[in-house]
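Structure record follows, encoded as structure tokens.
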Amino acid sequence: MIAPPMTVENCLSSFLGVIALDVAIGSGLIAVLASGGRAKPPPAPLVAILREIRVMRSDDFALTDRFALLWQTHAKQLQARVGFLRLAAADVARHAEDLFEDADTFMEKSSTFRYFDYDSAMQDDPAARAHTQRWVNYVAALTDAEAPGLLDQVSLPDTGLVLEVGGNAGAFARHLLGRHPGISYAILDLPGVCALGRADPENAHFGDRLRFLPGDMRRMNWRIEAGGAPDVILFKSVLHDWPAEQAAELLARAARYVGRSGRIVILERGAYTSANLHELPFSSTANLVFSPFYRDPDTYAEALRAAWPSAQVTVHPVLLDMGWFVTTATERAA
Ligand SMILES: C[S@@+](CC[C@H](N)C(=O)[O-])C[C@H]1O[C@@H](n2cnc3c(N)ncnc32)[C@H](O)[C@@H]1O
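Letter by letter, the sequence shown follows residues 71 to 404 in the working numbering.
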């Protein structure tokens with residue numbers, strides 16, 4: 071029987087496997103082996119782990135065919151995911167008490183939150199850009215993993231303008247633009263993130279269909295910036311970044327700026343509770359560090375109803391790495 075292709079998720083299921091892969095990628099070992107080069111024999115324990123997780127062949131200092139294929143297509147995603155997971159695992163191991171009991175102290179102590187430093191995205195000098203690129207690569211890699219399970223749940227008109235608030239450098243936009251050839255898209259995000267999005271060759275072939283609007287989502291007039299009332303305003307994994315009151319204010323802005331027959335769509339993981347956790351592989355450590363911030367979808371649904379009283383608000387559960395919810399507001403049919 072032919073084994074199915076290896077996936078990024080297959081490589082994230084064990085602590086030792088993630089550490090070994092991060093070391094092997096960071097040292098250049100994987101790149102050398104992938105190019106058919108001969109590396110000096112790597113340390114035996116590293117080789118043992120890489121063989122155990124089927125990255126290296128058991129009979130040679132070479133990559134397995136399945137891993138070599140995955141590396142060819144997903145090197146960037148793999149590098150970003152193992153790098154972040156290693157950081158998150160170290161934070162959880164050292165500061166679990168704070169994580170469970172006092173999110174503010176956890177945020178102060180953890181390297182995870184230094185890594186997600188939005189301040190660097192306010193500037194655009196080379197050091198800030200390099201820092202921003204690292205976490206942008208991570209959220210893009212995660213979005214590539216999440217998108218296949220979410221796209222069917224996002225109902226878009228055949229034509230019109232989608233405004234993605236906090237849409238980062240375009241990862242989710244690329245999936246939606248590919249699927250809906252009649253829509254155009256604007257991303258509102260911080261200046262350093264928009265600069266990366268504009269420079270990303272993966273966005274180039276969408277031309278004018280994908281625009282970046284740099285600024286602070288709390289202050290801009292989204293309608294003027296987008297060049298008209300958006301038909302859809304989308305928030306994916308953005309609102310949990312904000313205290314509930316500020317999240318509600320962002321939704322009030324969305325209700326003010328969306329077109330009259332438009333819709334607001336929120337895609338978010340649910341609260342980190344048993345109801346939303348079907349299994350706990352090692353890779354879920356990357357979600358655990360954000361667990362204090364995930365919410366029940368009712369919080370967003372209620373804020374939408376308050377901001378847009380005539381809207382019909384629906385909530386759909388989606389099971390991905392954990393329970394997600396797609397919350398949609400549309401004008402109630404007359
Ligand atoms: C958790 S990330 C989610 C990114 C993306 N939507 C995704 O699902 O991967 C939050 C996004 O909000 C952006 N952001 C944070 N504060 C912002 C602000 N004040 N104005 C505009 N964008 C902001 C960040 O740069 C980042 O792209």
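Backbone N, C-alpha and C define an ideal beta-carbon position, used for all residues, glycine too.
Residue range Leu280 to Pro284 is occupied by the beta strand (DSSP E) that includes Pro284. By the criterion of a C-beta distance shorter than 6 angstroms, Leu374 is surrounded in its chain by Leu321, Val383 and Ala399, once the five residues flanking it on both sides are discounted.
Within the DSSP bridge table, the entry for Arg339 names Trp394 as partners.
When distances are taken from the beta-carbon of Asn238 to the heavy atoms of ligand 1, the shortest one is below 7 angstroms. Spatial neighbours of Pro367 in its own chain (CB-CB distance under 6 angstroms, excluding positions within 5 residues in sequence) are listed in chain order as Val385, Phe395 and Thr397. In the DSSP assignment, Lys306 forms a beta bridge with Leu337. Following the DSSP letters along the chain, one finds Pro387 inside the beta strand (DSSP E) bounded by residues Ala381 to Leu389.
Apart from the 5 residues on each side of it in sequence, Gly87 sits with its Cβ closer than 7 angstroms to the Cβ of Cys81, Ile119 and Ile123 in its chain, given in chain order. Residue nearest to Val302 within the set Ala314, Met287, Arg288 and Ala324 is Ala324 (criterion: CA-CA distance). Closest option to Ala265, judged by alpha-carbon separation, among Phe363, Asp172, Thr229 and Val206: Val206. Within the chosen limit of 7 angstroms, ligand 1 does not reach the beta carbon of Asp194 with any heavy atom. Within its own chain, the residues whose Cβ lies closer than 7 angstroms to the Cβ of Ala341, once the five positions on either side in sequence are excluded, are Tyr364, Arg365 and Asp366, listed in chain order. Ranking Asp168, Asp172, Ala94 and Ala132 by CA distance to the CA of Gly107 puts Ala132 first. Shown here for Leu103: same chain residues with a beta carbon closer than 7 angstroms to its own, the five before and five after excluded, namely Ala109, Ala132 and Leu133 in chain order. For Ile123, the three-state secondary structure derived from DSSP is coil. When beta bridges are read from the DSSP output, Tyr255 appears opposite Val232 and Leu280. Shown here for Ser105: not one same chain residue has a beta carbon closer than 6 angstroms to its own, the five before and five after excluded. In the DSSP assignment, Ser331 falls outside any alpha helix (DSSP H) and carries neither an H nor an E. Between Met76 and Phe137, the C-beta gap is smaller than 8 angstroms, which places the two residues in contact.
It is roughly 49 angstroms from the alpha-carbon of Arg281 to the alpha-carbon of Ala114. For Ala239 and Arg268, the gap between their C-alpha atoms comes out near 8 angstroms.
Annotated three-state conformation of Glu401 is strand, per DSSP. Taking the Cβ of Arg288 as the reference point, at least one heavy atom of ligand 1 falls within a distance shorter than 7 angstroms. A direct Cα-to-Cα measurement between Ala160 and Gly297 gives close to 45 angstroms.
In chain order, Ser380, Ala381 and Gln382 place their CB closer than 8 angstroms to the CB of Arg402, counting only its own chain and leaving out the 5 sequence neighbours on each side.
Annotated three-state conformation of Leu260 is coil, per DSSP.
Excluding its 5 nearest sequence neighbours in each direction, Leu231 has C-beta neighbours in its own chain below 6 angstroms: Ser254, Pro300 and Asp301, listed in chain order.
For Tyr208, the enclosing alpha helix (DSSP H) begins and ends at Pro196 to Leu220. Just so you know, the alpha carbons of Asp174 and Pro362 end up roughly 10 angstroms apart. For Thr143, the uninterrupted alpha helix (DSSP H) segment begins and ends at Asp135 to Glu171. Between the alpha carbons of Leu258 and Met126 lies a distance of about 42 angstroms.
Taking the CA atoms as reference points, Thr343 sits about 22 angstroms from Glu79.
Across the structure, Gly285 and Ser331 are spaced so that their CA atoms are roughly 26 angstroms apart. At a threshold of 7 angstroms, Phe363 does not count as near ligand 1, since its beta carbon sits no closer than that to any of the ligand's heavy atoms.
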